[in-house]
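*Asks:* I have a structure here, written as structure tokens, and I will follow up with some questions on it.
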Ligand SMILES: Cc1cc2nc3c(=O)[nH]c(=O)nc-3n(C[C@H](O)[C@H](O)[C@H](O)COP(=O)(O)OP(=O)(O)OC[C@H]3O[C@@H](n4cnc5c(N)ncnc54)[C@H](O)[C@@H]3O)c2cc1C
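Numbering (the numbering used here), first residue to last: 2 to 410.
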């Protein structure tokens, strides 16, 4: 028997995580929330807010890496919940670089991590961005259908990239792009690798910028690669590792995990935490409104119809958070998601955020439907969580495979 209080099990956050949470919350409340409606309307990257976040060290490699490495695993989900509680559009602008950083840190060499990650965040007065470009017009859920090609030039020790990427967060405005490309199309997703495209690389340009339903302060665009040449050292993980993987495949052996999949796997509890933040924000707003708004001579929250809705909202946000913390804790302890725990957290949190934000509009009635109140924006923002980083259907497919052991399609 463990001598520790609670038998060694605890849901108490460490002092460090609690302190960090309160610090991020203050920024979310005082800087992000007052600016949320404006940047949603402008549909632009909120550079002044990134700059302010950089100045206090919130938008920095140090901060995000520190939370990623926090020993309990709860640093990142707690930070992301607070940021997205502040605002999802600005939140995505603040965290969009992390996906590119995870792509390099999860599969890159120590030299690549040391060289490129700092260039994805920059420093106060010189803020920089990263973008992770996997999706293409004809390859969203079906990552194996990626057509962007990477061809190695032995003569110059360069990779030559050609193709069009779609829906890339920070695409075209990032300093460092991480691009998933096929080195051997006959192998489908197993013949893919990720490439770092350094700042100012000729041949990389922004295509159309998308006008979106929600998370509008986050820039989403096509990225066009037209004979973009990157040095050999920009192949994530290095050429020796790629050659060894391709040789294993040629010999009929398993190739190990593919880099883009590793990136998505690692980031799922983080995306779940974003959704928890939006759901909690909408719940809190609706709860407070329901205690103030009077109809029939009593607060609307006194009606069971509304109080029960609020009860369901609180219960489902809490459930989503617990699933998120479980997955984040498992990932940090190096446990494998044998029952698709990462996908479970993302699926439940995303669908909770959509439902809870819709209920919040219902509780606010006509006001909820207008842009004078924040819940309609939260509802528009929440929808992205059932779409990016694997749609809800794809998460169900992964969970379905894990629970049945069958090749569910
Ligand atoms: C705001 C935003 C930001 C994004 N940021 C990035 C980014 O930074 N980097 C990046 O690479 N991508 C990014 N994406 C792309 C995103 O990951 C894709 O949109 C997503 O993976 C879905 O692909 P798709 O849009 O092509 O939909 P499709 O794959 O065409 O799916 C269409 C519908 O069919 C369903 N479906 C597909 N296959 C199956 C199946 N086998 N079984 C059941 N249902 C299925 C889907 O669930 C969906 O409902 C972003 C997208 C948006 C909107």
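From the three backbone atoms N, C-alpha and C, an ideal C-beta is built for every residue, glycine too.
1. Could you name the residues of the same chain whose beta carbon sits closer than 8 Å to that of residue 62, not counting the 5 residues immediately before and after it, in chain order?
2. When you compare the stretch 348 to 356 with the stretch 306 to 325, are there three or more beta-carbon pairs, one atom per stretch, that lie closer than 8 Å?
3. Return the first residue and the last residue of the beta strand (DSSP E) that residue 133 is part of.
4. Is it buried or exposed for residue 42, if we count other Cβ within 10 angstroms and need 16 for buried?
5. From the DSSP secondary-structure annotation, give me the bridge partner or partners of residue 166.
6. Can you tell me whether DSSP reads residue 286 as helix, strand or coil?
7. Just to confirm, are residue 172 and residue 134 a CB contact at a threshold of 8 Å?
8. Nearest CA to the CA of residue 18: which residue from 72, 44, 10 and 60?
9. Since I believe residue 357 is in contact with residue 317 (beta carbons under 8 Å), could you give me their beta-carbon distance rounded to a whole number of angstroms?
10. In terms of residue numbering, what span does the beta strand (DSSP E) encompassing residue 178 cover?
11. Beta carbon of residue 40: closer than 7 Å to some heavy atom of ligand 1?
12. Terminal residues of the continuous alpha helix (DSSP H) containing residue 210?
13. So, residue 128 versus residue 55, is the Cβ gap smaller than 8 Å?
14. On the three-state DSSP scale, how would you describe residue 253?
15. Count the other CB atoms within 10 Å of the CB of residue 203; is the residue buried (16 or more) or exposed (fewer)?
16. Suppose the cutoff is 8 Å on Cβ atoms and the five residues either side in sequence are ignored; what does the same chain contact list for residue 409 look like?
17. Anyone know if the C-beta pair for residue 195 and residue 104 falls short of 8 Å?
18. So what's residue 373 in DSSP terms, helix, strand or just coil?
19. Taking the alpha carbon of residue 111 as the reference point, which residue from 314, 229, 239 and 300 has its own alpha carbon closest?
20. When every heavy atom of ligand 1 is checked, does at least one fall within less than 7 Å of the C-beta of residue 390?
21. Starting from the C-beta of residue 38, find all residues in its chain whose C-beta is less than 8 Å away, skip the five residues before and the five after it, and write them out in chain order.
22. Applying the criterion that 16 or more other CB atoms from any shown protein chain within 10 Å of the CB defines a buried residue, is residue 183 buried or exposed?
23. Is the Cβ-Cβ distance between residue 334 and residue 7 less than 8 Å?
24. Could you tell me which residues DSSP pairs with residue 153 in its beta bridges?
25. In the structure shown, what three-state DSSP assignment does residue 218 receive?
*Replies:* Let's see:
1. Residue mapping note: residue 62 aligns to position 61 of the chain shown, counting from 1. Excluding positions up to five away in sequence, the list reads 102, 118, 119, 121 and 122.
2. Contact check between the stretch 348 to 356 and the stretch 306 to 325: three or more CB pairs, one atom from each, fall below 8 Å, which counts as touching.
3. By 1-based counting over the chain shown, the position of residue 133 is 132. From DSSP, the beta strand (DSSP E) with residue 133 extends over 131 to 134.
4. Position 41 of the chain shown holds residue 42. Looking at its Cβ environment, which holds fewer than 16 other Cβ atoms inside 10 Å, residue 42 is exposed.
5. Counted from its first residue, the chain shown places residue 166 at position 165. Answer by DSSP bridge pairing, in chain order: 224.
6. On the chain shown, position 285 is the one that residue 286 refers to. Helix at residue 286.
7. In the chain shown, the residue the question calls residue 172 occupies position 171. In the chain shown, the residue the question calls residue 134 occupies position 133. Yes; because the gap between Cβ atoms is below 8 Å, this pair is in contact.
8. The residue given as residue 18 occupies position 17 in the chain shown. Per the Cα distances, 72.
9. Here the question's residue 317 lines up with position 316 in the chain shown. Here the question's residue 357 lines up with position 356 in the chain shown. Confirmed, Cβ separation roughly 6 Å.
10. The count along the chain shown starts at 1 and reaches residue 178 at position 177. Unbroken beta strand (DSSP E) run through residue 178: 177 to 183.
11. Start at 1 with the first residue of the chain shown, and residue 40 comes out as number 39. Remark: the shortest separation between the CB of residue 40 and any heavy atom of ligand 1 does not fall under 7 Å.
12. Counting from one through the chain shown, the residue named residue 210 turns up at place 209. Residue 210 -> not in any alpha helix (DSSP H); beta strand (DSSP E) instead, spanning 205 to 210.
13. Residue numbering aside, residue 128 sits at position 127 when the chain shown is read from its first letter. Residue numbering aside, residue 55 sits at position 54 when the chain shown is read from its first letter. Going by C-beta atoms, residue 128 is nearer than 8 Å to residue 55.
14. Walking along the chain shown from the start, residue 253 turns up at place 252. Looking at residue 253 - three-state DSSP - the assignment turns out to be coil, as it is neither helix nor strand.
15. The residue given as residue 203 occupies position 202 in the chain shown. Exposed, because fewer than 16 other Cβ atoms sit within 10 Å of the Cβ of residue 203.
16. Locating residue 409 in the chain shown gives position 408, counting from the first residue. Hits under 8 Å: 398, 401 and 402.
17. Counted from its first residue, the chain shown places residue 195 at position 194. Counted from its first residue, the chain shown places residue 104 at position 103. Against a cut-off of 8 Å, the Cβ pair of residue 104 and residue 195 comes out as a contact.
18. The residue given as residue 373 occupies position 372 in the chain shown. Coil at residue 373, not helix or strand.
19. Sequence index remark: in the chain shown, residue 111 carries index 110 (1-based). Checked all of 314, 229, 239 and 300; the closest Cα to residue 111 is 239.
20. The sequence position of residue 390 within the chain shown is 389, counting from 1. Correct: residue 390 has its Cβ closer than 7 Å to ligand 1.
21. Counting from one through the chain shown, the residue named residue 38 turns up at place 37. 372, 375 and 378, listed in sequence order.
22. Taking the first residue of the chain shown as 1, we reach residue 183 at position 182. Burial call: buried.
23. What you label residue 334 is simply residue 333 of the chain shown in a count that begins at 1. What you label residue 7 is simply residue 6 of the chain shown in a count that begins at 1. No, these two residues do not count as a Cβ contact at 8 Å.
24. For the purposes of this step, residue 153 is taken as residue 152 along the chain shown, with counting starting at 1. Answer is 160.
25. For the purposes of this step, residue 218 is taken as residue 217 along the chain shown, with counting starting at 1. Three-state DSSP puts residue 218 in coil, outside helix and strand.
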